[in-house]
Amino acid sequence: MAELHETDWGEERDYTLGSPQLQHVQLRSRIERDLTTLVEQLTARHGCCRALEVGAGHGTFTRALVSAGATVTVTEMSEPSVRVLKQAFAENPDVTVLYDPEGDLPAKLAADFELAVFVSVLHHIPNYVGVVRDVIDRMPDGAAFYSAQDPLFYSRLTRINAALSCVAYMLWRLGQGEIKRGLATRWRRLRGIYDETKSADMVEYHVIRQGVDEQALEQILCERFDDVRLWTYWSTQSGLLQRLGEQRAAGWASTFGLTAVNHRRQPVVPVRDPAHPGRSTKQKTSNSTELDPAVSVG
Ligand SMILES: C[S@@+](CC[C@H](N)C(=O)[O-])C[C@H]1O[C@@H](n2cnc3c(N)ncnc32)[C@H](O)[C@@H]1O
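Residue numbers (our numbering): 1218 to 1515.
In structure tokens:
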């Protein structure tokens, strides 16, 4: 898998191309704002914020985390990207970059971090639910989790959102050239044929399969965090369609993020609410020094 990532995410790769969260200033600024708010809240609570950023690419959001005052450990599956990151942050003692060809470092390291960050990464990980579970199981009390820029589970998209996402992608693809290759790949995918030796079929793993199951992730986060927010939004590569989709009235959504704060080492146990049999609420074990959900992002 690491070799396939390295084919796609080389040193020369322009990460902005095909990455709406880097291309469109509104999306990038929102993620930067969210991360800044989280780092500030966690620093106020713990006296420091050690952030674990999985799959940093060329470091756009690493810079936001560091500027907000975090010390950041990056794990990257692409060795060329590791080289770029090490060079970019060579002078910065607050950033440590680790090469992670197996993708197993986040779970091993999670106990030492107040914040775990996955921006545009979960859809690259075949077993993303297992990876997130392993990370959050080990995080310390009071920690936070943040993810953004993953495609919503396709089977839950409304027809209009599914069609819009598909059209927006195809229009962007046409603008990139390689039309013949794009159509051939599309035709293979429509027939459910995936080639494990091709980066086109393996790197964007859940983009080309079924999207990412936002509800499964929300559910496992709810077992560990007191306040979990799932936020959905529109994102696409095409600048014109991005602007159109952002019009409030449009109501388009293709993508999601998750923000979870107030981590508990002990899983949060759902209890029956006697006033509303059928409805369950969370059992809280403490109410001190919690992050204020009213100012948390999402
Ligand atoms: C779409 S890029 C996103 C980069 C960056 N987060 C951003 O938003 O600009 C995905 C990155 O995740 C890396 N990646 C994919 N799976 C990974 C894993 N399991 N562990 C660490 N890095 C991973 C890839 O090598 C690539 O650099």
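Just so you know, even glycine gets a beta-carbon here, dropped at the ideal spot from N, CA and C.
Just so you know, these numbers come straight off a predicted model, no measurement behind them.
Beta-carbon separation (whole angstroms), residue i vs residue j, contact threshold 8 angstroms
i	j	result
L1374	T1472	In fact, because the Cβ distance is near 11 angstroms, the residues do not count as touching under 8 angstroms.
V1271	V1338	5 angstroms
V1518	F1278	Only positions 1218 to 1515 of the chain appear in the structure, and residue 1518 is not among them; the question remains open.
Y1386	T1453	7 angstroms
E1293	A1273	6 angstroms
L1332	A1365	Not quite, the Cβ-Cβ distance comes to about 13 angstroms (not below 8 angstroms), so this is no contact.
V1283	D1311	5 angstroms
W1448	E1463	Incorrect: roughly 14 angstroms between the Cβ atoms, too far for contact.
I1437	V1346	7 angstroms
N1378	A1470	6 angstroms
L1252	G1276	Actually they are not in contact, since the Cβ atoms of L1252 and G1276 sit about 13 angstroms apart, beyond 8 angstroms.
S1455	W1389	5 angstroms
Q1459	P1237	7 angstroms
E1435	L1475	6 angstroms
A1281	E1249	4 angstroms
Helix, strand or coil at residue i [DSSP, three-state]
i	result
W1451	coil
H1215	Absent from the structure is residue 1215, since the part of the chain shown begins at 1218 and ends at 1515.
Q1459	helix
D1354	helix
A1273	coil
T1260	helix
G1468	coil
M1294	coil
Q1235	Residue identity differs from the one stated: residue 1235 is Gly in this sequence, not Gln. DSSP places G1235 in coil when its eight states are reduced to three.
T1254	helix
T1402	helix
L1391	helix
T1375	coil
D1509	Residue confidence is low: D1509 scores 49 on pLDDT, short of 50, so the model does not pin down where it sits. No coordinate-derived value is stated.
G1515	For G1515, the predicted model reports a pLDDT of 40, less than 50, meaning its position is unreliable; a value from the coordinates is still stated below. Correct three-state label for G1515: coil.
DSSP bridge partner residues for residue i (one or two, in chain order)
i	result
V1289	A1268 and V1312
H1480	F1442
Y1363	V1334 and T1476
P1343	Answer by DSSP bridge pairing: none, since P1343 is not bridged.
V1429	L1369
Please go through the region 1296–1328 and give each complete beta strand (DSSP E) segment of 3 or more residues, from N-terminal end onward. You should have 1312–1316.
Between the region 1318–1338 and the region 1440–1451, do three or more beta carbon pairs fall short of 8 angstroms? Output reads no: the region 1440–1451 does not touch the region 1318–1338.
Touching or not, the region 1478–1485 and the region 1349–1358, by the rule of three or more beta carbon pairs under 8 angstroms? As far as the Cβ criterion goes, the region 1478–1485 touches the region 1349–1358, which means the pair count is three or higher.
If you pair each beta-carbon of the region 1238–1247 with each one of the region 1374–1390, do three or more pairs fall below 8 angstroms? No, because fewer than three Cβ pairs between the region 1238–1247 and the region 1374–1390 fall closer than 8 angstroms, the two stretches do not touch.
Does the structure place the region 1255–1270 close enough to the region 1280–1290 that three or more beta carbon pairs sit under 8 angstroms? In the pairwise beta carbon analysis, the region 1280–1290 is classified as touching the region 1255–1270: at least three pairs are separated by under 8 angstroms.
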